[in-house]
Amino acid sequence: MTLRIRPPRLGRLRLGRDARLGLALALPVALIMGGLVFLPLLSTLFDSLFRVEPMKPGSPFVGVRNYTNLLKDSTVNAAWITTAIYVALAVFIETVGGLAAALLLNRIKIGRRWLLAIVVLPWCLPPVVNAIIWMWIYNPSYGLLNGLLLSAGIIDTPQVWFNNRETGLLLVSVVHAWRMMPLTVIILLAALQSIPAELYEAARLDGATGWQRLRKITLPLIAPGLAIALSQSTVFAVNLFDEAWILNGASLDTRSVIIQVYVLAFQNMKFSSGMALSVLTMVISLAVSMIYVLRVYRETRFE
Amino acid sequence: MSRRFKHLPGQVGLCLGVALLVLWSVGPVYWSFVTSITPPNALVSDNLHFWPQTTTWEHYAKLFGATSTSQGNEVASVWPQFSRAFANSLITSLAATALVVIIAAFGAWAFVRLEFPGRNVLFVLVVATLAIPAYTVMIPLYRLMISMGLIDTYTGVTLIYVSAFLPLALWLMRSVYQAMPLSLEEAAWLDGASKLRAFVQIVLPLAGPGLVACGILTFLSAWGQFMVPLVFSPTLATKPLTVLIPEFVTRNYVDYGLMNAAGIIAILPPMLLVLFLNRYLVSGLMAGAGK
Numbered sequence: 001m002t003l004r005i006r007p008p009r010l011g012r013l014r015l016g017r018d019a020r021l022g023l024a025l026a027l028p029v030a031l032i033m034g035g036l037v038f039l040p041l042l043s044t045l046f047d048s049l050f051r052v053e054p055m056k057p058g059s060p061f062v063g064v065r066n067y068t069n070l071l072k073d074s075t076v077n078a079a080w081i082t083t084a085i086y087v088a089l090a091v092f093i094e095t096v097g098g099l100a101a102a103l104l105l106n107r108i109k110i111g112r113r114w115l116l117a118i119v120v121l122p123w124c125l126p127p128v129v130n131a132i133i134w135m136w137i138y139n140p141s142y143g144l145l146n147g148l149l150l151s152a153g154i155i156d157t158p159q160v161w162f163n164n165r166e167t168g169l170l171l172v173s174v175v176h177a178w179r180m181m182p183l184t185v186i187i188l189l190a191a192l193q194s195i196p197a198e199l200y201e202a203a204r205l206d207g208a209t210g211w212q213r214l215r216k217i218t219l220p221l222i223a224p225g226l227a228i229a230l231s232q233s234t235v236f237a238v239n240l241f242d243e244a245w246i247l248n249g250a251s252l253d254t255r256s257v258i259i260q261v262y263v264l265a266f267q268n269m270k271f272s273s274g275m276a277l278s279v280l281t282m283v284i285s286l287a288v289s290m291i292y293v294l295r296v297y298r299e300t301r302f303e
Numbered sequence: 304m305s306r307r308f309k310h311l312p313g314q315v316g317l318c319l320g321v322a323l324l325v326l327w328s329v330g331p332v333y334w335s336f337v338t339s340i341t342p343p344n345a346l347v348s349d350n351l352h353f354w355p356q357t358t359t360w361e362h363y364a365k366l367f368g369a370t371s372t373s374q375g376n377e378v379a380s381v382w383p384q385f386s387r388a389f390a391n392s393l394i395t396s397l398a399a400t401a402l403v404v405i406i407a408a409f410g411a412w413a414f415v416r417l418e419f420p421g422r423n424v425l426f427v428l429v430v431a432t433l434a435i436p437a438y439t440v441m442i443p444l445y446r447l448m449i450s451m452g453l454i455d456t457y458t459g460v461t462l463i464y465v466s467a468f469l470p471l472a473l474w475l476m477r478s479v480y481q482a483m484p485l486s487l488e489e490a491a492w493l494d495g496a497s498k499l500r501a502f503v504q505i506v507l508p509l510a511g512p513g514l515v516a517c518g519i520l521t522f523l524s525a526w527g528q529f530m531v532p533l534v535f536s537p538t539l540a541t542k543p544l545t546v547l548i549p550e551f552v553t554r555n556y557v558d559y560g561l562m563n564a565a566g567i568i569a570i571l572p573p574m575l576l577v578l579f580l581n582r583y584l585v586s587g588l589m590a591g592a593g594k
């Protein structure tokens with residue numbers, strides 16, 4: 001992303017009243033976003049090429065060495081793999097569960113508003129509190145999960161869930177998906193509601209089964225919504241921090257890339273490594289959400 | 304009659320699905336509430352009870368009380384910290400909400416109805432930041448805030464929240480204004496009202512639901528923030544509930560009753576919003592995400 005703001009040609013252009021009013025109203029936006037987002041962003045890009053560490057004197061130019069060091073760092077690579085697993089698990093749970101919930105809600109006529117409010121609830125709660133609620137459910141000695149599985153006879157002894165990396169990753173993903181699924185539900189429900197009912201009527205007359213109607217009508221028509229839902233859930237999963245941090249701290253087993261950024265920058269005080277890693281994560285997030293951004297851009301341009 | 308029977312399996316499936324969805328969404332919160340009113344010795348028993356055999360408010364009393372006991376020993380009350388953190392959460396979230404709503408209300412209208420140099424560039428740039436994760440700018444922001452002396456101040460935290468949640472609000476309000484017919488304003492212009500006056504007197508009142516939606520989304524996001532205050536609010540001067548509550552864990556003994564009680568208090572404001580304003584919330588989410 002490059003900042004290219006063409007200076008107004010002052011000689012020719014006397015700003016009219018509208019333009020002055022517009023500039024005045026947009027000024028707070030420009031100031032806040034410029035000062036607190038765009039400049040820091042440029043500074044992140046720039047400083048990631050230097051060695052910026054409060055514990056060491058000076059900040060020499062190191063080129064891409066911060067980046068190459070990250071690629072060689074086995075802890076960082078492990079964090080990438082962990083994040084990839086979170087993305088796969090969370091996006092799968094959110095999309096499958098979210099689609100099922102949206103299809104269900106779309107068929108409900110009475111009390112849909114209240115059901116929707118209930119479904120949206122997890123998304124509204126502070127992620128930290130969600131994680132604490134689930135931490136107690138996952139508790140090895142007195143947790144609900146162990147209790148339910150024991151009484152159902154699925155396990156014979158209480159499990160210390162986070163002793164096992166695979167289980168830990170799954171449980172963190174479930175908490176994340178529990179919080180983020182409502183967004184997928186809302187997006188898909190909006191897409192479902194835009195499908196004209198006559199299409200289903202016609203398909204029913206042609207003798208299409210429910211499964212065929214889903215495959216041939218519903219899924220193709222909600223594809224744009226599905227793309228947005230997928231890119232949103234992917235970006236949020238790439239940025240997973242709160243849940244893993246609360247449930248298992250900085251443990252290497254469940255350390256996501258963002259936790260790694262936090263540890264690098266604010267615990268090891270290696271600002272420039274942290275910045276380089278956050279730049280890499282941003283690039284990946286941006287690449288994934290390109291679908292979303294491109295849609296936004298197209299819409300704003302053709303006006 | 305036959306028609307009803309034909310639909311019976313579908314109806315049963317529908318009810319089952321709804322039950323499952325409600326259980327998934329509310330179950331964990333319900334369990335947390337049950338935990339928060341269960342006596343400590345019952346929490347560490349082997350038997351699960353979906354409603355406690357005896358209920359107690361002692362965990363809440365510990366939060367709100369002047370003194371408290373833990374395992375028989377008198378310990379320092381958490382109320383001073385807890386009340387302070389609650390106030391901090393409320394102050395920063397409300398301040399950020401007010402600023403975002405006001406700036407977005409006027410700014411988005413300018414982006415829709417006024418021609419000014421740099422309009423499209425600025426809008427595209429701002430909306431593009433929706434796709435940029437907040438932590439990317441965290442380290443430079445940290446150094447900036449230190450140099451300006453804004454670490455651990457309401458101003459610093461609030462400004463960061465505003466910069467993080469303004470893009471979505473602008474995007475939402477823009478779609479609200481775009482959906483309004485221009486003729487409303489034009490009539491006022493013909494009567495001699497200035498553009499700004501026509502906007503404030505005619506458009507703004509009609510944009511109420513959109514503004515409420517923006518306000519709810521901003522408040523919820525600010526209220527739930529964790530990583531930003533973890534870095535920018537190191538002491539109780541501005542530390543919010545989301546950072547304070549997990550600190551109850553790091554003591555040598557984890558008081559789950561207390562933590563769940565604190566969690567229930569922390570989710571009350573969002574719960575109330577969902578309960579009373581869910582219409583605006585859902586429409587806001589649909590407009591924000593579905594576009």
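The listed protein sequences derive, respectively, from chains A and B.
Take the first sequence: its letters are residues 1 to 303, numbered as in the numbering used here.
Take the second sequence: its letters are residues 304 to 594, numbered as in the numbering used here.
Here a beta-carbon is modelled for each residue, glycine too, at the ideal position from N, C-alpha and C.
Predicted, not measured: the structure shown is a model, and the values here were computed from it.
Review point. What do you get for residue 37 (chain A), buried or exposed, if any count of 16 or more other CB atoms within 10 angstroms of its CB means buried?
Key: Walking along the first sequence from the start, residue 37 (chain A) turns up at place 37. Flag for residue 37 (chain A) reads buried.
Check your understanding: In three-state terms, what does DSSP make of residue 551 (chain B)?
Key -> If you number the second sequence from 1, residue 551 (chain B) lands on position 248. Of the three classes helix, strand and coil, the one that applies to residue 551 (chain B) here is coil, per DSSP.
Practice item. Please work out which residues of its chain come closer than 8 Å, Cβ to Cβ, to residue 248 (chain A), disregarding the five sequence neighbours upstream and downstream, and give them in chain order. Key: Indexing the first sequence from 1 puts residue 248 (chain A) at position 248. Only 162, 168, 172, 254 meet the Cβ criterion.
Review point. Beta-carbon of residue 275 (chain A) versus every beta-carbon of chain B: anything under 8 Å?
Key: For this step, residue 275 (chain A) is matched to residue 275 along the first sequence. Cβ-Cβ to chain B under 8 Å: yes for residue 275 (chain A).
Review point. Hey, does residue 569 (chain B) have any beta-carbon neighbour from chain A nearer than 8 Å?
Key: Here residue 569 (chain B) corresponds to residue number 266 of the second sequence, with the count starting at 1. By this cut-off, residue 569 (chain B) is an interface position.
Point to revise | Segments of 4+ residues assigned as alpha helix (DSSP H) that fall wholly inside the region 489-567 of chain B | key: 498-501, 511-527, 530-535, 544-550
Check your understanding: If residue 196 (chain A) sits next to residue 410 (chain B), beta carbons under 8 Å apart, how far is it from one beta carbon to the other, in whole angstroms?
Key -> The residue given as residue 196 (chain A) occupies position 196 in the first sequence. The residue given as residue 410 (chain B) occupies position 107 in the second sequence. Not a contact, Cβ separation roughly 36 Å.
Exercise for review: Using beta-carbon positions only, say whether residue 102 (chain A) and residue 192 (chain A) come within less than 8 Å of one another.
Suggested key: Start at 1 with the first residue of the first sequence, and residue 102 (chain A) comes out as number 102. Start at 1 with the first residue of the first sequence, and residue 192 (chain A) comes out as number 192. Yes, the pair counts as a contact, with Cβ atoms nearer than the cut-off.
Check your understanding: In three-state DSSP terms, what is residue 353 (chain B)?
Key -> Along the second sequence, one-based indexing puts residue 353 (chain B) at 50. Residue 353 (chain B): coil per DSSP, three-state reduction.
Point to revise | Under 8 Å by beta carbon: chain B residues contacting residue 107 (chain A) | key: Position 107 of the first sequence, counted from the first residue, corresponds to residue 107 (chain A). By Cβ distance, chain B contributes 317.
Check your understanding: Exposed or buried, residue 423 (chain B), counting other C-beta atoms within 10 Å across all chains shown (16 or more means buried)?
Key -> The count along the second sequence starts at 1 and reaches residue 423 (chain B) at position 120. Exposed.
Practice item. In angstroms with no decimal places, state the Cα-to-Cα distance between residue 322 (chain B) and residue 561 (chain B). Key: Counting from one through the second sequence, the residue named residue 322 (chain B) turns up at place 19. Counting from one through the second sequence, the residue named residue 561 (chain B) turns up at place 258. Answer to the nearest angstrom: the Cα atoms are 30 Å apart.
Review point. Closest by CA to residue 46 (chain A), which one among A:91, A:274, A:179?
Key: Counted from its first residue, the first sequence places residue 46 (chain A) at position 46. Ranking A:91, A:274, A:179 by Cα distance to residue 46 (chain A) puts A:274 first.
**Study point:** With 16 other Cβ atoms within 10 Å as the buried cut-off, status of residue 558 (chain B)
**Key:** Against the second sequence, residue 558 (chain B) aligns to sequence position 255. Buried is the call here.
Practice item. Just the chain A side, please: which residues come within less than 7 Å of residue 589 (chain B) by C-beta, in chain order? Key: Counting from 1 along the second sequence, the entry for residue 589 (chain B) is found at position 286. Correct list: 186, 190.
**Study point:** Cβ shell of residue 160 (chain A) (< 7 Å), same chain only, five flanking positions each side left out
**Key:** Residue 160 (chain A) sits at position 160 when you count from the first residue of the first sequence. Counting only Cβ-Cβ distances below 7 Å, and skipping sequence neighbours, we find 140.
Point to revise | CB contact check: residue 322 (chain B) to chain A, cutoff 8 Å | key: Residue numbering aside, residue 322 (chain B) sits at position 19 when the second sequence is read from its first letter. No, because no Cβ of chain A sits closer than 8 Å to the Cβ of residue 322 (chain B).
Review point. What does residue 67 (chain A) reach in chain B if we use C-beta pairs closer than 8 Å?
Key: Here residue 67 (chain A) refers to the residue found at position 67 of the first sequence. By Cβ distance, chain B contributes nothing, its closest Cβ being about 15 Å from residue 67 (chain A), past 8 Å.
Exercise for review: Please confirm if residue 239 (chain A) has its CB atom under 8 Å from at least one CB of chain B.
Suggested key: As a working note, residue 239 (chain A) is residue 239 in the first sequence. At least one chain B Cβ lies under 8 Å of residue 239 (chain A).
Check your understanding: For a contact meaning CB atoms closer than 7 Å, what does residue 134 (chain A) contact in chain B?
Key -> Counted from its first residue, the first sequence places residue 134 (chain A) at position 134. Ordered by position in chain B, the residues that pass the 7 Å Cβ test against residue 134 (chain A) are 331.
Exercise for review: Return yes when the Cβ of residue 129 (chain A) is within less than 8 Å of the Cβ of residue 581 (chain B), no when it is not.
Suggested key: Taking the second sequence and counting its residues from 1, the one referred to as residue 581 (chain B) is at position 278. Taking the first sequence and counting its residues from 1, the one referred to as residue 129 (chain A) is at position 129. Contact flag unset, no.
**Study point:** Alpha-carbon spacing of residue 73 (chain A) relative to residue 430 (chain B), whole angstroms
**Key:** Start at 1 with the first residue of the first sequence, and residue 73 (chain A) comes out as number 73. Start at 1 with the first residue of the second sequence, and residue 430 (chain B) comes out as number 127. In a straight line, the C-alpha of residue 73 (chain A) is about 34 Å away from that of residue 430 (chain B).
Point to revise | Straight-line Cα distance separating residue 89 (chain A) from residue 223 (chain A) | key: As a working mapping, residue 223 (chain A) is identified with position 223 in the first sequence. As a working mapping, residue 89 (chain A) is identified with position 89 in the first sequence. Going from the Cα of residue 223 (chain A) to the Cα of residue 89 (chain A) covers about 21 Å.
**Study point:** Pairwise C-alpha distance: residue 387 (chain B) and residue 565 (chain B)
**Key:** In the second sequence, the residue the question calls residue 565 (chain B) occupies position 262. In the second sequence, the residue the question calls residue 387 (chain B) occupies position 84. Each residue's alpha carbon lies about 13 Å from the other.
**Study point:** Beta-carbon proximity list for residue 281 (chain A), same chain, < 6 Å, skipping 5 on both sides
**Key:** Position 281 of the first sequence, counted from the first residue, corresponds to residue 281 (chain A). Excluding sequence neighbours, residue 281 (chain A) sits near 257.
Practice item. Examine chain A for any beta-carbon lying closer than 8 Å to the beta-carbon of residue 444 (chain B), and answer yes or no. Key: Here residue 444 (chain B) refers to the residue found at position 141 of the second sequence. Interface residue, yes.
Review point. Would the beta-carbon of residue 33 (chain A) fall within 8 Å of that of residue 466 (chain B)?
Key: Against the first sequence, residue 33 (chain A) aligns to sequence position 33. Against the second sequence, residue 466 (chain B) aligns to sequence position 163. For residue 33 (chain A) and residue 466 (chain B), yes; Cβs fall inside 8 Å.
Practice item. Please determine, among A:199, A:24, A:66, A:270, the residue with the shortest C-alpha to C-alpha distance to residue 219 (chain A). Key: Position 219 of the first sequence, counted from the start, is the residue given in the question as residue 219 (chain A). Ranking A:199, A:24, A:66, A:270 by Cα distance to residue 219 (chain A) puts A:199 first.
Point to revise | Neighbouring residues, chain B, relative to residue 113 (chain A) (Cβ below 8 Å) | key: By 1-based counting over the first sequence, the position of residue 113 (chain A) is 113. In chain order: 581, 582, 585.
**Study point:** Alpha carbon of residue 471 (chain B) to alpha carbon of residue 405 (chain B), nearest angstrom
**Key:** Position 168 of the second sequence, counted from the start, is the residue given in the question as residue 471 (chain B). Position 102 of the second sequence, counted from the start, is the residue given in the question as residue 405 (chain B). For residue 471 (chain B) and residue 405 (chain B), the distance between alpha carbons rounds to 13 Å.
Check your understanding: What do you get for residue 517 (chain B), buried or exposed, if any count of 16 or more other CB atoms within 10 angstroms of its CB means buried?
Key -> For this step, residue 517 (chain B) is matched to residue 214 along the second sequence. Classification of residue 517 (chain B): buried, given that the 10 Å Cβ count is 16 or more.
Check your understanding: According to the neighbour-count rule (16 or more other Cβ atoms, all chains shown, within 10 Å of its Cβ), is residue 156 (chain A) buried or exposed?
Key -> Residue mapping note: residue 156 (chain A) aligns to position 156 of the first sequence, counting from 1. So residue 156 (chain A) counts as exposed.
Exercise for review: Kindly list, in the order they appear in chain A, the residues whose Cβ is closer than 7 Å to that of residue 521 (chain B).
Suggested key: Here residue 521 (chain B) corresponds to residue number 218 of the second sequence, with the count starting at 1. Going along chain A, no residue has its Cβ under 7 Å from residue 521 (chain B), so there is no contact; the nearest lies around 12 Å.
Check your understanding: With 16 other CB atoms within 10 Å as the buried threshold, where does residue 22 (chain A) fall?
Key -> Your numbering for residue 22 (chain A) matches position 22 in the first sequence. With 16 or more other Cβ atoms within 10 Å, it is buried.
**Study point:** Neighbourhood of residue 453 (chain B) by C-beta, 6 Å cutoff - its chain only, sequence neighbours within 5 removed
**Key:** Indexing the second sequence from 1 puts residue 453 (chain B) at position 150. Contacts found: 459.
Review point. Within 10 angstroms of its Cβ, does residue 504 (chain B) collect 16 or more other Cβ (buried), or is it exposed?
Key: To locate residue 504 (chain B), count along the second sequence from 1; it is residue 201. When all chains shown are included, residue 504 (chain B) counts as exposed.
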